[in-house]
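Novice: So for the sequence shown, the working numbering puts the first residue at 7; every next one is plus one.
Idealized CB from N, CA, C, for every residue including glycine.
Just so it is clear, the structure is predicted and the values come from calculations on it, not from any experiment.
Sharing a structure here in structure tokens format.
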Amino acid sequence: MDIYILVIISILFGALVRTVFGFGEALVTMPILALLGIDLKLAIALVGIIGVLVAMPKFITNYKVVNWNIVKRLLIGSIIGTPLGIVLILFIDENIVLNILGSLLVLYGAINILGIQLMTKYNIKDMFDYVAGLFSGVLGAAYNSHGVPIVVYGTLKKWDIVKLKQISQVHFFIVGLVVITNHAVTGFWTMEMFYIIIVTLPFLIIIIKLGDVIAEKIEQQILIKYVYLLLIIFGILMIVK
């Protein structure tokens, strides 16, 4: 099978996960692209742009009702963290990056499958919004995983699911724009990347609509367990590779 077909399928699968659950496309797509032998910078650029395209409809529907005070604090932290993430990916060996990302995938998947609750008895002050945003910026720029810190942080702050999705989707879209701009400036964008994006776009529109339908009908707590299990498997494969 043509390698580009596999790349597009992995991108669409990640987009479906993001549409259904509100996050996780990078955690799903990046390991697959790595296992396919795709250049790390190309993979990062692809996932970054796809993430923005997937988040755009959610941003349009949520930006009028979201709590902008929280979003602003997260964004300030993310803006500071984004250049740090770019430096990280440019100056650290790719194998080290893959090992770290693989370990994080295993840890993240295991925590969620086991249902471990962290720090739930503490009242986290709003000032830590900046810290969560900082980690989001670093991971977003380096690994396109800016959603994970926000989702974990929102869970720790006990945001209800509606508030969590509103804040995360608006934040993801704006930070995503900053991240892909940094990718363009630092030379991550290539003609190969644009070719893949153009071919993927018509299918992406269908996937977004499909994801919305699934999100309305599926028992998400059941399906997400399988997603976390896949993340653990992908993480182990990346570490072994």
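Helix, strand or coil for residue 30? Go by DSSP, reduced to three states.
Specialist: Residue 30: coil per DSSP, three-state reduction.
Novice: Less than 7 angstroms separating the beta-carbons of residue 53 and residue 32?
Specialist: yes
Novice: Go through its chain and collect everything with a Cβ distance to residue 181's Cβ below 6 angstroms, but skip five positions before and after it.
Specialist: Only 84, 146 and 152 meet the Cβ criterion.
Novice: Does the beta carbon of residue 165 sit closer than 7 angstroms to a beta carbon anywhere in chain C?
Specialist: The chain labelled as chain C is not found in the depicted structure, where only one protein chain is given.
Novice: Span of the alpha helix (DSSP H) holding residue 47?
Specialist: Here the alpha helix (DSSP H) through residue 47 covers 46-68.
Novice: Going by CA-CA distance only, name the one from 165, 207, 27 and 140 that's closest to residue 87.
Specialist: 140
Novice: Our contact map puts residue 114 next to residue 236 with C-beta atoms below 8 angstroms; I'd like the distance itself, whole angstroms only.
Specialist: Not quite, the Cβ-Cβ distance comes to about 12 angstroms (not below 8 angstroms), so this is no contact.
Novice: So, with DSSP's three-state summary, where would you put residue 16?
Specialist: Residue 16 falls in the helix class under three-state DSSP.
Novice: Straight-line CA distance for residue 187 to residue 89?
Specialist: Distance between the alpha carbons of residue 187 and residue 89 is about 11 angstroms.
Novice: Out of 44, 161 and 17, point me to the one whose CA is closest to residue 58's CA.
Specialist: 17
Novice: Could you say which of 193, 211 and 217 lies nearest to residue 48 if we only look at CA atoms?
Specialist: 193
Novice: Are the CB atoms of residue 91 and residue 144 nearer to each other than 7 angstroms?
Specialist: For residue 91 and residue 144, yes; Cβs fall inside 7 angstroms.
Novice: What residues in its chain sit with their C-beta under 7 angstroms from that of residue 175, if we drop five residues either side in the sequence?
Specialist: 28, 61, 64, 65 and 68
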